[in-house]
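Peer 1: For reference, the structure I am asking about is given below.
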Amino acid sequence: MRVQIQFYSYFKDFTGCAQMAETIAEGNTLAELLKKLFQRFPRLAAMEKSMLVAVGVDYRPRDYVLKDGDEVSLFPPVQGG
Amino acid sequence: MRVQIQFYSYFKDFTGCAQMAETIAEGNTLAELLKKLFQRFPRLAAMEKSMLVAVGVDYRPRDYVLKDGDEVSLFPPVQGG
Amino acid sequence: MKRQFTITSQPIDEAALLRGRKMSDAMGAVIYFLGVVRGTEALDKKISAIEYEAFQKMVEHQFNLLFDEMEKRWPIESVRLVHRIGLVLVNEPSLWVEVIAPHRGEAFASCQWLIDEMKRVVPIWKKPIPG
Amino acid sequence: MKRQFTITSQPIDEAALLRGRKMSDAMGAVIYFLGVVRGTEALDKKISAIEYEAFQKMVEHQFNLLFDEMEKRWPIESVRLVHRIGLVLVNEPSLWVEVIAPHRGEAFASCQWLIDEMKRVVPIWKKPIPG
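This is how it looks when you write it as structure tokens:
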């Protein structure tokens, strides 16, 4: 199963990446995906608490079960206005 | 001693008058002036509670002691905006 | 605090007022409030206009007292206010207010306070004109 | 409730937006809020601009969720909102909001709520550009 991952704002600097694809196991949750990413990107791990996570255009909790083709977006607190 | 009295908004209809002069005694307060006016204009008396009273361009309490030439303004609650 | 107060029997020229806006680099929030004449004063009666009457000399003084207080309470850079008198048709603005402040909290709070206080102390009255 | 949302890399044309205002006879209050880029992000550093980045598809969706909620809470007739992305120079507005309501209480409350919520959930980020 594959999901797309997008990083926004300074998360792009932390990962050196704007967009990537990741293969995950059936039934994996956002929490499990994040754990993998945190191992790969330690600076992202430091932001765990304040990090916002969306799938598609909606915010999702960490126990959200990922589906094939999901577009996951990770970003720091928003600052519009 | 003479004071000028101005009525605004529907107080003009209640008194049939926009502006008038009144002779008062030395040391008279606003309350004493109002008492005289209420005798003359009963419809004004009915508005006693909500009536606003200014001397010149400032609101004044009922115990304000009038001075010769004072411009007293009487009007209903304001409704700007 | 820059302050500008106008009482006028002419329609409020919002575009011209906008062009006249001046603000320093330290300001982050601008609020405009328009009070507009509604066609329904109460649910049961239609009106075509409101006639505004003002005790002008006192209006100006009372606004200045309010501006003094505003300046003490909030770090406002500028307030501009226009109030119409005479006949104002339904759907036309009778009141225009601009407040410029460093942050939105101050802009919102002070603008609301100014309008609330205006409706308490500034000697202007309305007379609805039936439709 | 009429709703209009624009995200743009062009300067906000306030005069054109004003000309586009439409409101019924039952409305008595209009509020405009402008968020403007300040020259001082903090006390110690000057900036010349802010670069705004947005996750546009999600921005639009999140604003629509906020507009849905606004419509449930207040009797708003119309809300229009413009947010700039890309480089916005100091002293230029990055955000323009218009709310039209029957009374000022609803207009102020809903406009403040919308901006507060926007700053909580709408995926837009700032990057200060040193002066």
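Keeping their order, the protein sequence lines are chains A, B, C and D.
Note that this note's numbering gives residue 79 to position 76 of the first sequence, counting from 1, and the numbers run on in steps of one.
Note that this note's numbering gives residue 52 to position 49 of the second sequence, counting from 1, and the numbers run on in steps of one.
Note that this note's numbering gives residue 389 to position 29 of the third sequence, counting from 1, and the numbers run on in steps of one.
Note that this note's numbering gives residue 379 to position 19 of the fourth sequence, counting from 1, and the numbers run on in steps of one.
We treat Cβ as the ideally placed atom computed from N, Cα and C, and that holds for glycine.
Closest Cβ-Cβ distance between H421 (chain C) and chain B: below 8 Å?
Peer 2: As a position in the third sequence, residue 421 (chain C) is number 61, starting the count at 1. So yes, H421 (chain C) belongs to the interface.
Peer 1: Using alpha carbons as the reference points, say which of A:L69, A:G19 and A:P79 lies closest to S53 (chain A).
Peer 2: Residue 53 (chain A) sits at position 50 when you count from the first residue of the first sequence. Among A:L69, A:G19 and A:P79, the Cα nearest to that of S53 (chain A) is on A:P79.
Peer 1: Assess contact between the region 444-461 of chain D and the region 372-383 of chain D, defined as three or more Cβ pairs (one per stretch) separated by less than 8 Å. Is contact present?
Peer 2: Verdict: yes, contact present.
Peer 1: Would you mind telling me which residues of chain D sit closer than 8 Å to T400 (chain C), beta carbon to beta carbon, in chain order?
Peer 2: Along the third sequence, one-based indexing puts residue 400 (chain C) at 40. Residues of chain D passing the Cβ test: D385 and A386.
Peer 1: Output, in sequence order along the chain, the residues in the region 426-457 of chain D whose CB is closer than 8 Å to any CB in chain A.
Peer 2: Here the close residues are H443, S454 and L455.
Peer 1: Could you tell me how far apart the beta carbons of K486 (chain D) and Y412 (chain D) are, in whole angstroms, since I believe they sit closer than 8 Å?
Peer 2: What you label residue 486 (chain D) is simply residue 126 of the fourth sequence in a count that begins at 1. What you label residue 412 (chain D) is simply residue 52 of the fourth sequence in a count that begins at 1. Going by Cβ atoms, the distance from K486 (chain D) to Y412 (chain D) rounds to 6 Å, so yes, they are a contact pair.
Peer 1: Is the shortest distance between the beta-carbon of P79 (chain B) and the beta-carbons of chain C less than 8 Å?
Peer 2: Translated into the one-based positions of the second sequence, residue 79 (chain B) becomes position 76. Taking Cβ atoms only, chain C reaches closer than 8 Å to P79 (chain B), which makes this a yes.
Peer 1: When you compare each of C:P483, C:R444 and C:F423 to D373 (chain C) by their alpha carbons, which one comes out closest?
Peer 2: Within the third sequence, numbered from 1, the residue matching residue 373 (chain C) stands at position 13. Ranking C:P483, C:R444 and C:F423 by Cα distance to D373 (chain C) puts C:R444 first.
Peer 1: Going by the beta-carbon positions, is the gap between T32 (chain A) and D66 (chain A) smaller than 8 Å?
Peer 2: Here residue 32 (chain A) refers to the residue found at position 29 when the first sequence is read from its first residue. Here residue 66 (chain A) refers to the residue found at position 63 when the first sequence is read from its first residue. Yes, the pair counts as a contact, with Cβ atoms nearer than the cut-off.
Peer 1: Can you give the Cα-Cα distance for G446 (chain C) and P490 (chain D), rounded to whole angstroms?
Peer 2: To locate residue 446 (chain C), count along the third sequence from 1; it is residue 86. To locate residue 490 (chain D), count along the fourth sequence from 1; it is residue 130. Whole-angstrom Cα-Cα distance: 51 Å.
Peer 1: CB D73 (chain B) to CB V60 (chain B), shorter than 8 Å?
Peer 2: Start at 1 with the first residue of the second sequence, and residue 73 (chain B) comes out as number 70. Start at 1 with the first residue of the second sequence, and residue 60 (chain B) comes out as number 57. Going by C-beta atoms, D73 (chain B) is not nearer than 8 Å to V60 (chain B).
Peer 1: With a cut-off of 8 Å, does the C-beta of R464 (chain D) fall near any C-beta of chain C?
Peer 2: Counted from its first residue, the fourth sequence places residue 464 (chain D) at position 104. Taking Cβ atoms only, chain C reaches closer than 8 Å to R464 (chain D), which makes this a yes.
Peer 1: Which residue marks the beginning of the alpha helix (DSSP H) containing A499 (chain D), and which one marks its end?
Peer 2: No statement about residue 499 (chain D) is possible, as the shown extent of chain D runs from 361 to 491 and does not include it.
Peer 1: Below 8 Å on the Cβ atoms is my contact criterion, and I expect E431 (chain C) with F365 (chain C) to pass it. Report the Cβ-Cβ distance as a whole number of Å.
Peer 2: Numbered from 1 along the third sequence, position 71 holds the residue referred to as residue 431 (chain C). Numbered from 1 along the third sequence, position 5 holds the residue referred to as residue 365 (chain C). Incorrect: roughly 14 Å between the Cβ atoms, too far for contact.
Peer 1: By the DSSP assignment, the beta strand (DSSP E) with R46 (chain B) in it spans what residues?
Peer 2: Reading the second sequence from its first residue, position 43 is the one you call residue 46 (chain B). Unbroken run through R46 (chain B) is the alpha helix (DSSP H), P45 to A48; no beta strand (DSSP E).
Peer 1: Please list the segments of the beta strand (DSSP E) lying wholly inside the region 363-400 of chain D, counting only runs of 3 or more residues, in order along the chain.
Peer 2: Complete beta strand (DSSP E) runs here, min 3: 389-396.
Peer 1: Please say whether K15 (chain A) and A24 (chain A) have beta carbons closer to each other than 8 Å?
Peer 2: Reading the first sequence from its first residue, position 21 is the one you call residue 24 (chain A). Reading the first sequence from its first residue, position 12 is the one you call residue 15 (chain A). Contact: no.
Peer 1: Any chance you could list the alpha helix (DSSP H) runs of at least 4 consecutive residues sitting entirely within the region 34-77 of chain A, in chain order?
Peer 2: List check, alpha helix (DSSP H) in window: 45-48.
Peer 1: Got a sec, what are the start and stop residues for the alpha helix (DSSP H) M4 (chain A) sits in?
Peer 2: As a working note, residue 4 (chain A) is residue 1 in the first sequence. Neither: M4 (chain A) is in no alpha helix (DSSP H) and is coded neither H nor E.
Peer 1: Name, please, each residue of chain D whose Cβ falls closer than 7 Å to the Cβ of S53 (chain A).
Peer 2: As a first step, residue 53 (chain A) is located in the first sequence; it is residue number 50 there, counting from the start. Per Cβ cutoff of 7 Å: no residues; S53 (chain A) is ~12 Å from chain D at best.
Peer 1: I need the straight-line Cα distance from V396 (chain C) to M387 (chain D), nearest angstrom please.
Peer 2: Looking up residue 396 (chain C) in the third sequence gives position 36. Looking up residue 387 (chain D) in the fourth sequence gives position 27. Cα-Cα distance, rounded: 7 Å.
Peer 1: Using a Cβ-Cβ distance cut-off of 8 Å, determine whether V60 (chain A) contacts chain D.
Peer 2: Within the first sequence, the letter at position 57 stands for residue 60 (chain A). It does; some Cβ of chain D falls within 8 Å.
Peer 1: Of the choices C:S470, C:C471, C:K479 and C:R398, whose alpha-carbon is the least far from that of V81 (chain B)?
Peer 2: On the second sequence, residue 81 (chain B) is found 78 positions in, with the first residue counted as 1. Residue C:K479 is the option with its Cα nearest to V81 (chain B).
Peer 1: Could you please give the first and the last residue of the uninterrupted beta strand (DSSP E) stretch that includes E25 (chain A)?
Peer 2: For the purposes of this step, residue 25 (chain A) is taken as the residue at position 22 of the first sequence. Q22 to T26 is the extent of the beta strand (DSSP E) around E25 (chain A).
Peer 1: My assumption, with CB atoms under 8 Å, is that V448 (chain C) sits in contact with I410 (chain C). Please give the rounded CB distance.
Peer 2: Along the third sequence, one-based indexing puts residue 448 (chain C) at 88. Along the third sequence, one-based indexing puts residue 410 (chain C) at 50. Right, their Cβ atoms sit about 5 Å apart.
Peer 1: Identify the contact partners of W485 (chain D) in chain A, using a Cβ-Cβ distance below 9 Å as the criterion.
Peer 2: Reading the fourth sequence from its first residue, position 125 is the one you call residue 485 (chain D). Those are Y11, S12, Y13, F78, P79, P80, V81, Q82 and G83, listed as they occur along chain A.
Peer 1: On the premise that E466 (chain D) lies in contact with K362 (chain D), defined as a C-beta separation below 8 Å, what is that separation, rounded to the nearest angstrom?
Peer 2: In the fourth sequence, counting from the first residue as 1, residue 362 (chain D) sits at position 2. In the fourth sequence, counting from the first residue as 1, residue 466 (chain D) sits at position 106. Actually they do not touch by this definition, with Cβ atoms about 15 Å apart.
Peer 1: Determine the chain C residues that contact G395 (chain D) at a beta-carbon separation under 8 Å, and present them in chain order.
Peer 2: For the purposes of this step, residue 395 (chain D) is taken as residue 35 along the fourth sequence, with counting starting at 1. Per Cβ cutoff of 8 Å: G388, A389 and R464.
Peer 1: To which residues of the same chain is L426 (chain C) closer than 8 Å at the C-beta, ignoring the five residues directly before and after it?
Peer 2: In the third sequence, residue 426 (chain C) corresponds to position 66, counting from 1. L474, E477, M478, V481 and V482, listed in sequence order.
Peer 1: Looking at the secondary structure, which residues open and close the beta strand (DSSP E) in which V439 (chain C) lies?
Peer 2: Position 79 of the third sequence, counting from 1, holds the residue named residue 439 (chain C). Element bounds for V439 (chain C): S438 to R444.
Peer 1: When the Cα atoms are used, what is the spatial distance from K38 (chain B) to R46 (chain B)?
Peer 2: Counted from its first residue, the second sequence places residue 38 (chain B) at position 35. Counted from its first residue, the second sequence places residue 46 (chain B) at position 43. If you take the alpha carbons of K38 (chain B) and R46 (chain B), they lie about 13 Å apart.
Peer 1: Considering only DSSP beta bridges, list what E458 (chain D) is partnered with.
Peer 2: In the fourth sequence, the residue the question calls residue 458 (chain D) occupies position 98. According to DSSP, E458 (chain D) bridges with D:Y392 and D:R440.
Peer 1: Count the other CB atoms within 10 Å of the CB of S384 (chain C); is the residue buried (16 or more) or exposed (fewer)?
Peer 2: By 1-based counting over the third sequence, the position of residue 384 (chain C) is 24. With fewer than 16 other Cβ atoms within 10 Å, it is exposed.
Peer 1: Determine, using beta carbons only, whether Q7 (chain A) and V56 (chain A) come nearer to each other than 8 Å.
Peer 2: Looking up residue 7 (chain A) in the first sequence gives position 4. Looking up residue 56 (chain A) in the first sequence gives position 53. No, they are not a contact pair.
Peer 1: Could you give the first and the last residue of the continuous alpha helix (DSSP H) run that contains E420 (chain C)?
Peer 2: If you number the third sequence from 1, residue 420 (chain C) lands on position 60. Q416 to R433 is the span of the alpha helix (DSSP H), which, as asked, contains E420 (chain C).
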